[in-house]
Structure formats: structure tokens, C-alpha cells
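What follows is a set of notes on a single structure, which appears directly below.
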Amino acid sequence: MTHEQDVTREPESGAELRGRAGWTRHPGRAARAVMARVRRYVAGRSVRYFTGILAVALGAAILLMLSPYVIEMPGPTQDVLGSVKEGQVIAVDGKDVSTHRDSGKLLLVTVSASGVPGYPIVNAQAVWGWADPQVEVTPREAVVPVGQTADEYQQKVDADMTGSQDTATKAAIAYLKAHGAELGVDADELGNLKVTMHVDSIGGPSAGMMYTLGLIDKLTAVQETGGKTIAGTGTISEDGTVGKIGGIRLKMLGAKRDGATWFLAPESNCAEVVGHVPDGLRDVKVATLDEAYQALVAIGAGKADGLPHCTA
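Residue numbers for the sequence shown follow my numbering, so the first one is 65 and each next one is one higher.
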């Protein structure tokens, strides 16, 4: 015999409902619980703790802001006796004009600049630059005019480079005409000369002297470099004056990095050369194109001991 028994179920509690269905009948109570936890967290931290968090956040924001500084570092070098994708760096053409190959290298040197118009940097990059001995950090207004646009900046450096190349060609031709007999160059052939220069994203006037030396080297049978790698910098004028340039310390670092053992420096830059010549690189001070060419020939011939140095 079986007996049936009436069973009465008690209503499920809120906790049971929450465990089963994942919800609560009292959302306000849950919010108050969360706020209570936040208050306990805040109460357990000092003012100094939150000041530190705020300082870190503020510092990060400042580091990511655009910087009013320019950072400069050693840039690429280019062999003016070599070639780029467009052709020879110094391409010479003309009726009856003879060119000659040199087994060495003549390196023009550059500075890579960021923070100039069109190439912005943030403050974090400037801070990194201050910590790196091979980087120079300079206020932008000391490098470019206030308010200069990216287009204006690019037009200026391109115009400086074009003008430098034109002047280098004129200076080289004038030098060859004046010294043609001793260099074995027929001055009459120079009237038919057409010179085109190709560079890879380089601007400014400071490669003028090296372009001039490169053109003279290509038009003479003399092996001026003697197979050596010689770097240099300096503006050039039509009368052969070698002028002062900027960033020479960084340019010497770039020259040493790319294998140069000699560096032709404008005499007017000697104050910045002294004490900054990298180990393994020797400087020669020059004030004129003739001094630069004679130094080049002496270095190539292994007779450079008597050349004047900024560090002498």
C-alpha cells in the first residue's frame, strides 16, 4: 500500500533566484555595494598616491605633445664620384670632353633633421635626443624662420642645393681653366661641357666644395683620391672661397661611420672641429678651393703629413 503525501514548496529566496538566473531583484542595492567598495578603496589610499597617478598621466600627455625643438643627427653620406638610381651623381657630357674614373671615394656629408616644418616630432623624441651624445637638440626658431611652412622649407633647401650645384660647376670650370696646363685639361673643351648632378633627398648648400672637387676629379686623369675614402663639407663661391656650414660635428661622425679616414673642413668651422674629431678620422682645414684640391691630391699620394689641421 502506498501513501501519498502532500508537499508544499516554500518560495525560492532572492539568493536562490540570483544563483539560478543570474539576476537580482534589487539593482540599487548592487550599485550601493559597488560605491561602498570604491569609497573603501579611496579611503585606503593617500593623497600622495593619487597625486602620483595624476603626475604620471600629465607627464605622459606632455611627452606626446608636439615639440618646439629640432633634433639633428648624422645623416647619410654620398660618394660624388659614384652613382644613384638616376645615374651618376655628377654626370658630364659634351663634345670632345673626356672623363676619368677614380678608384677612391669623395663623400659629401649630411645632417638628418626632424622637427623642421613638415617633419614634426613630439617632446619624447626631444628628451631622447638630449640623452644621446650623437644627437643635437635645438630650439626650432634657431634653425628655421618662425612661421615657415613645410612647402616654404622644402623650396628653400631645394633652391640652396640647386644654387650650390650651379656654383660648384662654375667654380670647377674656372679652376680647370686656370690650371689646365698642369692638370692636362684642354680649356677649349670646357666650353662644350654640360654637367648634371643627381642626389638622393639631400638639400642645402653645404655640399658645394665636394661637388666642385668631384667634377675636377672626373675631368682630370689624376687619381686624386689614391683609392682612399675622403669626406668633406663647405659651401663654395665662384671665386673658390670655401664657406662655413652647420652641423660639422655630426657630419664628421657620419663620415667616420661610412669609412672616411680624412675630412676636409672649412677653416671658418675650426672652433667647432677642435675636440670633436672622431677617433680614426683626421681633419684638414681649408679656406679655398685650391687648398682643398691640393690637400686632396696630397692625401691621395700619401703625402699628407704637412697638411694643416684644426686640431694642430
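Heads up, the beta-carbon is just placed ideally off N, CA and C, and yes, glycines get one too.
Three or more Cβ pairs drawn from the segment 315-327 and the segment 281-298 lie within less than 8 angstroms of each other, which places the two stretches in contact. Nearest in C-alpha terms to LEU145, of all of GLU246, ALA245, LEU254 and LYS169, is LYS169. Close CB contacts of ASN187 within its chain, under the 7 angstroms cut and outside five residues either way in sequence, are with ILE126, LEU127, MET129 and SER131 (chain order). Going by beta carbons, PRO269 and THR305 fall outside the 7 angstroms limit. Scanning its chain for C-beta atoms nearer than 7 angstroms, with the 5 sequence neighbours on each side dropped, one finds around CYS374 the residues ALA329, CYS334, VAL337, VAL338, ASP347 and LYS349, in chain order. Look at the beta carbons and you see the segment 96-105 not touching the segment 133-145: under three pairs across the two are nearer than 8 angstroms. Burial of ASP281 is indicated by the presence of at least 16 other C-beta atoms within 10 angstroms of its C-beta. Pairwise C-beta distances place the segment 229-248 out of contact with the segment 158-166, as fewer than three of them are shorter than 8 angstroms. Its Cα nearest to that of GLY323, the residue ASP343 stands out among ALA368, ILE312, ASP343 and GLY278. Check the Cα spacing between TYR357 and each of PRO209, THR284, VAL341 and VAL259: the tightest is with THR284. Using a 10 angstroms sphere on the CB of ALA97, the tally of other CB atoms stays under 16, which defines it as exposed. By the 16-neighbour rule on beta-carbons within 10 angstroms, VAL341 is buried. About 18 angstroms separates the beta carbons of LEU279 and ILE363, which is beyond the 8 angstroms limit, so they are not a contact pair. Nearest neighbour of ILE312 by Cα position, chosen from VAL199, GLY158 and ALA95, turns out to be VAL199.
For GLY318, the enclosing alpha helix (DSSP H) covers residues 312-321. THR293 sits in a strand when the DSSP states are folded into three classes. Its chain contains MET261 and TYR275 as the residues whose beta carbon lies nearer than 7 angstroms to that of GLN229, once the 5 sequence neighbours on both sides are disregarded; these appear in chain order. The C-alpha of ARG204 is placed about 33 angstroms away from the C-alpha of LEU353.
Rounded to the nearest angstrom, the gap between the Cα atoms of GLU253 and ILE185 is 50 angstroms. The beta-carbon separation of VAL175 and PRO209, rounded to 18 angstroms, does not stay under the 8 angstroms limit for a contact. Excluding residues up to 5 positions away in sequence, VAL153 lie with their Cβ nearer than 7 angstroms to the Cβ of SER147 in the same chain. For ARG165, the secondary structure class from DSSP, reduced to helix, strand or coil, is coil. Secondary structure note for ASP281: its alpha helix (DSSP H) is the uninterrupted segment 272-283.
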